[in-house]
């Protein structure tokens, strides 16, 4: 009896030790960084030049490079990840046009390779666990070492990398992570940044556990959607050296954490070092709460793995239950109802931080898009950072998730598979995109075959979603697609193609906004990097303005919707301009997220909120006596305009259109009145202001988490003595920060600003940048101590602005 009690006690202790093994630890602080050299290995810390280099011996004790524990990195810079080293590099007119004239790439070997080192302690108690490193994205051609052992190379800057380091760990001691990133070559034709620009993680789990991205959760739904069958596929790893029999089961939890369904357990036997998919298990749910943009309700699947009756792993998968369909006659349907996609294309950079966008800033950017009625997001032209997909799930944004390249060689298919397995549980993802504007094969039979092969490969990995490729005008590749994506109706005779192919399912993957520089209404040769909106200058060339796209897709029920190019301005590709312009100016919002006039066009027709926006501003010094057009974007039935006391008329607003009046500019006052059903509902006034006299600060939040990651986005406006916004004020602003926080970047939305927008070192408490057209932005990231953070902004001759933020 005593022996039985001892055995049972031992088993109980073993089970207790086995539970709660899974940990996901963010590796953000404590990195050291230095530039290497892409052209000279001797200047690249001798990497690869040793007698026994990392390719000839698994771990040579004679090596002296950065991947060796005793390497002296005392002169290296301390950085946090995400980190984009390109933000601190200067501009040059001979640098890459497509990448925003930053001094990175093959012309600049001394700033195109970056090295990172970080030491972590892994307790002795972790012996027996499975330990892995995960990088959500390193740009690019990243080589990784752990304790001097070479782990591998990932060529793509957009792929999530997971490295099993279990057998290399120094348990109970220090462990060195070393990364070399080489941004010599470009993967895209847009700014891409460089370095560990996405999150890095340490993963701990039991020897028998769910594999990374090892679940696939999807629902069978049929109208009237009163019940759902949830299917769960699970991939389980046995990292141990012996055969293991495990039991896998699932629970479905609602948003409040209550169990609403559970599966029967499944038993699987895994040989040593084997990975297997378990039996497909189902959970039956009555009255499912459906996910939608209006109600992005999320469930959680809790997967439990047991060995010998002891829990070895609890793995959580967030999911949403919804029915997605693309239809040849009704367009896009969500939960059985047609829903027009009101989307934008987005690249992955922001003023002040480049490609290294913190999670809180990602969330803020999505909220700015939602303000103008956006419900969809195309990840152009690469897989998104995983945290951004989490945000889209929570915010109800519909996503086209895009692969970097179209191809069916082993490398291309491997990247496609990794994207789909990583992202297929996200309810926000409605369509896979297998590429963009592959001109070299759009009109070839090879293109058709490649597109069809990728389509079927996508179906193998995810039978619940369609795939597309964004087409620039070719006539062959489209034959191999589930959903035909058209980039620009000016390049594609969409109506005729639909007439000839009535079974095609169609979406507008890109359409022009025609936007220019925020608040810039007259061409000025002194500022060649700024552009007047094409919507005003090329109105007669109807193909180049924002209204054409929305009118076209809104009027055709068979069209799923469209994605404008672009939501935000982005660095690089400043067409049709060149240096000193370094940003694309076709964003509906500028590089900081400040709205341009065209944002109000979309808000007028994409939301039910009453909108009345008139422009240009009335600080048009130097244009006195000239005739100017005053435009209105509005969803009112009628708008009446008065300029300097003179009524210019009341006009009916055409659906999906705009209004305009001609006026002679003189300083004064412009008033617009909006009418609905004959009643006055809105008034908008703009006036010629005095010079700016004060700085006004406004943060998106007054309290942020003291976790070293959260942040406040602080927008700055310049006001005159009457409190009116001054739309042409551009003084130099100086920011001073007190408290446990840091300035991680600034911006102003000027697409030709050649000064610095990112501090050279962290933490940073003082920084200067000029305002542009009355606005600027500063990004404040918390430290790890609760603190009262004070931001002061000064400018010569102006009353300073003061803002307090609490970190807890």
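Numbering (the working numbering), first residue to last: 20 to 827. All C-beta atoms in this analysis are idealised placements derived from N, C-alpha and C, irrespective of residue type, glycine included.
Sort out for me which residues DSSP pairs residue 820 with in a bridge. Per DSSP, the beta bridge partners of residue 820 are 812.
Within the region 562-586, note down every full beta strand (DSSP E) run reaching 3 residues or more, in order along the chain. Listed in chain order, they are 578-584.
At which residues does the alpha helix (DSSP H) containing residue 478 begin and terminate? Counting along the chain, the unbroken alpha helix (DSSP H) around residue 478 starts and ends at 464-480.
Own chain, CB closer than 7 Å to residue 147, minus 5 neighbours either side, in chain order: The residues 226, in chain order, have a CB closer than 7 Å to that of residue 147 in the same chain once the five nearest residues on each side in sequence are set aside.
Distance check for residue 178 and residue 203, CA to CA, integer angstroms please. Roughly 17 Å between the two C-alpha positions.
Sort 317, 332, 434 by Cα distance to residue 477 and report the nearest one. Here the closest residue by C-alpha is 434.
Local conformation of residue 655 per DSSP, three classes: Residue state, collapsed to three classes: coil.
Which residues in the same chain have their Cβ closer than 7 Å to the Cβ of residue 14, if we skip the five residues on either side of it in sequence? Since the displayed the chain opens at 20 and closes at 827, residue 14 lies outside it and no answer follows.
For residue 257, I'd like the list of residues in its chain whose CB is within less than 6 Å of its CB, leaving aside the five on either flank, ordered along the chain. Cβ-Cβ distances below 6 Å link residue 257 to 227, 263, 289, 293 in the same chain, with the five nearest sequence neighbours on each side left out; the list follows chain order.
Can you have a look at residue 305 and say buried or exposed, based on whether 16 or more other CB atoms are within 10 angstroms of its CB? Under the 10 Å beta carbon count, residue 305 is surrounded by fewer than 16 other beta carbons and is classified as exposed.
Would you list, in sequence order, the uninterrupted alpha helix (DSSP H) runs of no fewer than 4 residues that lie entirely inside the region 401-455? Entirely contained in the region 401-455, the alpha helix (DSSP H) runs reaching 4 residues are, in chain order, 405-414, 429-442.
So is residue 366 buried or exposed if we call it buried at 16+ other beta carbons inside 10 Å? The residue is buried, with at least 16 neighbouring Cβ atoms inside 10 Å.
On the DSSP bridge list, what partners appear for residue 789? According to DSSP, residue 789 bridges with 751.
Whole-angstrom distance between residue 410 and residue 449, CA atom to CA atom: About 15 Å.
Under 6 Å Cβ to Cβ from residue 92, same chain only, skipping five residues before and after it: list those, please. Around residue 92: 51, 136.
Alpha carbon to alpha carbon, how far is residue 804 from residue 141? Straight-line spacing of the CA atoms in residue 804 and residue 141 works out to 24 Å.
Taking the beta carbon of residue 836 as the centre, do at least 16 other beta carbons fall within 10 Å, making it buried, or is it exposed? What is shown of the chain runs 20 to 827, which leaves residue 836 out entirely.
Have a look at residue 575 and residue 625 and give me their C-alpha separation to the nearest angstrom. When rounded, the distance between both Cα atoms is 16 Å.
Compare the Cα-Cα distances from residue 546 to each of 771, 738, 683 and report the closest residue. Taking only the C-alpha atoms, the option nearest residue 546 is 771.
DSSP-derived helix/strand/coil call for residue 384: Correct three-state label for residue 384: helix.
Pick from 499, 168, 108, 261 that is closest to residue 75, judged by C-alpha positions: Nearest C-alpha to residue 75 among 499, 168, 108, 261: 168.
For residue 767, the residue or residues it bridges with in DSSP: In the DSSP assignment, residue 767 forms no beta bridge with any residue.
Give a yes or no on contact between the region 43-61 and the region 209-220, applying the rule of three or more CB pairs nearer than 8 Å. Of all C-beta pairs linking the region 43-61 to the region 209-220, three or more are shorter than 8 Å, placing the two stretches in contact.
I need the straight-line Cα distance from residue 465 to residue 455, nearest angstrom please. Distance between the alpha carbons of residue 465 and residue 455 is about 16 Å.
Nearest-angstrom Cα separation, counted from residue 530 out to residue 604: Near 14 Å, if we compare the C-alpha coordinates of residue 530 and residue 604.
Could you tell me how far apart the beta carbons of residue 763 and residue 756 are, in whole angstroms, since I believe they sit closer than 8 Å? In fact, because the Cβ distance is near 11 Å, the residues do not count as touching under 8 Å.
By a C-beta neighbour count over all protein chains shown, 10 Å radius and 16 as the cutoff for buried, is residue 159 buried or exposed? With 16 or more other Cβ atoms inside 10 Å of its own Cβ, residue 159 counts as buried.
I'd like the ranges of any beta strand (DSSP E) spanning at least 3 consecutive residues and lying wholly in the region 480-559. Whole beta strand (DSSP E) segments, 3+ residues: 485-490, 502-506, 524-531.
Considering only residues of the same chain and omitting the five flanking positions on each side of residue 361, which have a CB-CB separation below 7 Å? In its chain, beyond the 5 residues on either side, 392, 393, 394, 395, 580, 625 have a beta carbon closer than 7 Å to the beta carbon of residue 361.
Within the same chain, show all residues whose beta-carbon is closer than 7 Å to that of residue 740, passing over the 5 residues directly before and after it, in chain order. If we look at residue 740 and ignore the five residues flanking it on each side, its Cβ neighbours are 709, 712.
Buried versus exposed call for residue 881 [16 or more other C-beta atoms within 10 Å across all chains shown]: Nothing about residue 881 can be reported from this structure: the residues present for the chain run from 20 to 827 only.
Would you give the residue range spanned by the alpha helix (DSSP H) that residue 609 belongs to? Note, residue 609: premise wrong, no alpha helix (DSSP H); not H, not E.
Give the straight-line distance between the Cα atoms of residue 261 and residue 276, rounded to the nearest whole angstrom. Put simply, the backbone Cα of residue 261 is about 36 Å away from that of residue 276.
Nearest candidate by alpha-carbon position, reference residue 525, set 535, 514, 533: Residue 525 has its Cα closest to that of 514, out of 535, 514, 533.
Determine whether the beta carbon atoms of residue 826 and residue 725 lie at a separation below 8 Å. It is a contact, given that the beta carbons lie within the stated cut-off.
Simplified DSSP state of residue 826, which is helix, strand or coil: In the three-state DSSP reduction, residue 826 falls in the strand class (E or B).
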